[in-house]
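In terms of my numbering, the sequence shown has 63 at position 5, counting the first letter as 1, and numbering is strictly consecutive.
All C-beta atoms in this analysis are idealised placements derived from N, C-alpha and C, irrespective of residue type, glycine included.
Since the structure comes first, as structure tokens, the remarks are kept for the end.
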Amino acid sequence: MSLIYKADPVRGAEWKALLAQKAPDLPFHIWPETGDPAAVRYLAVWEPPPDMMSRFPKAELVISVGAGVDQFDFSRLPPQVPLVRMLEPGIAQGMVEYCVLGVLSLHRHLVDYVANRNAGRWAQIRLVPADRRRVGVLGLGRLGEAVCRKLAGFGFPVSGWNRSPRTIEGVTCRAGADALPAFLAACDILVCLLPLTEETRGFLNAELFARLPRGAGLVNAGRGGHLIQPDLIAALDSGHLSAAVLDVTDPEPLPADHPLWLHPRVLITPHVASMTRPETAVDFVLETIDRHRKGLPLAGLVDRRRGY
Ligand code: GLV
59 MSLIYKADPV RGAEWKALLA QKAPDLPFHI WPETGDPAAV RYLAVWEPPP DMMSRFPKAE
119 LVISVGAGVD QFDFSRLPPQ VPLVRMLEPG IAQGMVEYCV LGVLSLHRHL VDYVANRNAG
179 RWAQIRLVPA DRRRVGVLGL GRLGEAVCRK LAGFGFPVSG WNRSPRTIEG VTCRAGADAL
239 PAFLAACDIL VCLLPLTEET RGFLNAELFA RLPRGAGLVN AGRGGHLIQP DLIAALDSGH
299 LSAAVLDVTD PEPLPADHPL WLHPRVLITP HVASMTRPET AVDFVLETID RHRKGLPLAG
359 LVDRRRGY
């Protein structure tokens, strides 16, 4: 009855040390080590191994080490093997920090000051009070909700959009396709935290940008696949959008000669908004395995029809 880990090996070594203390009876292997494949019951993976089910025919439970599950091909996972997304609190904390960083960078004109620094130009830009900067968050799951709450604390008028209705105190929440235009029309800074699904691929496109107020900024901390990159570049070049902060791109890594790197109105970070924290991730995995063994409902269980 073993657990396989397949993700960043440095953090894997931390998982190993933590599991040795917390669950000494659970055999644990870091990919490509697997021990006896027939003994593998549980997998904690970022990208699933090819032919996971033929390699580990007795696998019973798969846990994504990340919050997203778009890297899984659901058709290769038999329906009786639950797929769970990582819900450890460290991910939300990292995402809150990053989205605050992105929103404040746009709010406080950091893109302009980086350009001015490079040109040796001292030029003050007038401040916009937070209560006049409307921030909108696409996707009100755990991460989106935590981000909305923190942003509201700065005094920004915060609204959120989600596929299905949500309520968050102090945040104007809208739901469904019909409500999207009104939501976008009131976003001076738009933050994307949607899951990547067939419905949301290419969501950040020319049509959506056209619905934002002139001069709006974008933070994408979802997935690179949400964004139609040429549409963003066109919107920035025309001045309709003022700047973008991107943590995710397509492809990753972004090739060195990609136009996004060179665009003066774009800040890029290499998919680091949030990182699963071994301490809390191991607790979540052990709790999930325990609940699975007892036949209890699993937190973070992926609905494969919905895609997250
Ligand atoms: C990282 O992108 C994650 O899905 O946790």
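In the DSSP assignment, Ala-293 falls outside any beta strand (DSSP E) and lies within the alpha helix (DSSP H) extending over 287 to 295.
Between Val-139 and Leu-119 a beta carbon distance of about 7 angstroms is seen, short of the 8 angstroms cut, so the two are scored as contacting.
Residues whose Cβ lies closer than 5 angstroms to any heavy atom of the ligand GLV, listed in chain order: Gly-124, Ala-125 and Gly-126.
Apart from the 5 residues on each side of it in sequence, Thr-230 sits with its Cβ closer than 6 angstroms to the Cβ of Ser-217 in its chain, given in chain order. Taking the CA atoms as reference points, Asn-263 sits about 27 angstroms from Lys-208. Apart from the 5 residues on each side of it in sequence, Glu-203 sits with its Cβ closer than 6 angstroms to the Cβ of Ile-226 in its chain, given in chain order. A residue is called buried once 16 or more other Cβ atoms fall within 10 Å of its Cβ, and Asn-220 is buried on that count.
The Cβ atoms of Val-123 and Met-144 lie closer than 8 angstroms to each other.
Residue range 336 to 352 is occupied by the alpha helix (DSSP H) that includes Thr-338. Counting other Cβ atoms within 10 Å of its Cβ, Lys-64 reaches 16 or more and is therefore classed as buried.
Within 10 angstroms of the beta-carbon of Pro-223 lie fewer than 16 other beta-carbons, which makes it exposed.
Remark: C-beta atoms of Arg-272 and His-298 approach each other more closely than 8 angstroms. Excluding residues up to 5 positions away in sequence, Met-144, Leu-145 and Glu-146 lie with their Cβ nearer than 7 angstroms to the Cβ of Phe-342 in the same chain. Annotation: Ser-112 is outside any beta strand (DSSP E); the continuous alpha helix (DSSP H) that includes it extends over 110 to 113.
Per DSSP, reduced to three states, the secondary structure at Gly-194 is strand. Taking the Cα positions, Leu-141 is about 44 angstroms away from Tyr-171. DSSP links Arg-232 through a beta bridge to Trp-219.
If only complete runs of 3 or more residues are kept, the region 76 to 127 shows the beta strand (DSSP E) at 86 to 88, 98 to 103 and 119 to 122, in order along the chain. Secondary structure of Leu-312 (DSSP, three-state): coil.
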